[in-house]
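Taking it in order: structure first as structure tokens, then the write-up.
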Amino acid sequence: MQSAVWQRSLNLELSRLLQAVAENPAAAGLSLLGLASFTGCSMP
951 MQSAVWQRSL NLELSRLLQA VAENPAAAGL SLLGLASFTG CSMP
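The numbering of the sequence shown is the numbering used here, which starts it at 951 and goes up by one.
This is how it looks when you write it as structure tokens:
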């Protein structure tokens, strides 16, 4: 159950960051890159 809560929280944060990148790529891009690095995602 706790992993589902953690996953939902992570998904909400990722969605928020993606919206911020769409609005202001330069400012939000580093945050998104940091989150991707933290979660082990690869960025192209």
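Using N, Cα and C, we set each Cβ at its ideal position, and we do this for glycine too.
Bear in mind that the values here come from a model prediction, so they are computed numbers and not experimental data.
By the Cβ-count criterion, Leu982 is buried, with 16 or more other Cβ atoms from all chains shown falling within 10 Å of its own Cβ. Taking the Cα of Ala986 as reference, the smallest distance to any Cα among Val955, Leu968 and Ala972 is reached at Leu968. Secondary structure at Asn974: coil, using DSSP grouped into helix, strand and coil.
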